[in-house]
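Asker: Residue numbers (my numbering): 7 to 223.
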Amino acid sequence: MSLLLLLFIVVPLAEALLLAKIGALVGWTATIGIVIGTGVLGAWLFRLEGSRAWRKWQEAVAAGRMPEEGVVGGLLLLLGGAFLVTPGVITDVLGLLLLLPPTRKALAAYLGPRLRDRFFGGSLDGRAGPLGGGPFGAGGPFPPGGRGPRVQVIHFGHIGPVHADPAPDSGAERAQERDAEGVIEAEVIGRRVPVASRLRRAPRVIDADFEVVDSGD
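Structural data, given as structure tokens:
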């Protein structure tokens, strides 16, 4: 509610007062010219930076890595464009700051880790969160007592079924299968089950689905 109040009441009121002050100092013709000029400059800069950012995204995806500015940088770029199409001096200044690479990268570097930790468990930019964590937390996508046993993923690298075996020196069971391409290793917590996994191969993107195919009871 406080953010909506700021966006729809405080900012327009501040814009009106600032335009009135500028108009009283330099005249309304010059004030309108300033607003139009900053809008044109912002539109040109948005087109330039948008093309550059899109090109870098394509290059990064082709190389199998995340873009330098990550998802947050792209969102800030879009937000800057939205500010620039909103009439006003304050919104134009904010939009230009978000479009300029130095300020946008600095803000993305500041906000990125905080947004990842709060909403995505450290996975917003394609990096996995803590062991067994991810966006669902340490307990996995199912609450305690919910559907299926809990599975803690340790390492990805192979597509195919894996089967749980007793893990030495551990109360949990360990599912593991090795081949020339890599390893899937997971701990099945609670009871011994075969685990089927599916891994979508894409650069730095993990999409795994664990299903109980035999309860072993």
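Note that CB positions come from ideal geometry on N, CA and C, so glycine has one too.
1) Work out the CA separation of A66 and A22 for me, nearest whole Å.
2) If we call anything under 9 Å between Cβ atoms a contact, is G48 one with D98?
3) Whole angstroms is fine: what's the gap from E55's alpha carbon to V95's?
4) Mind checking which residues open and close the alpha helix (DSSP H) that includes R120?
5) Taking 9 Å as the cut-off, decide whether the C-beta atoms of L82 and L121 are in contact.
6) Along the chain, where does the alpha helix (DSSP H) containing F52 start, and where does it finish?
7) With H, G and I counted as helix, E and B as strand and the rest as coil, what does DSSP make of V17?
8) According to the Cβ coordinates, are T44 and L90 closer than 9 Å?
9) By Cβ distance below 6 Å, which residues in the same chain neighbour A26 in space, the five residues on each side in sequence not counted?
10) Whose C-beta lies closer than 6 Å to the C-beta of R61 among residues of the same chain, with five residues either side of it excluded?
11) Exposed or buried, which one is V32 when buried takes at least 16 other CB atoms within 10 Å?
Answerer: Taking the definition as stated:
1) 43 Å
2) yes
3) 21 Å
4) P107 to L121
5) no
6) W34 to A68
7) helix
8) yes
9) none
10) none
11) exposed
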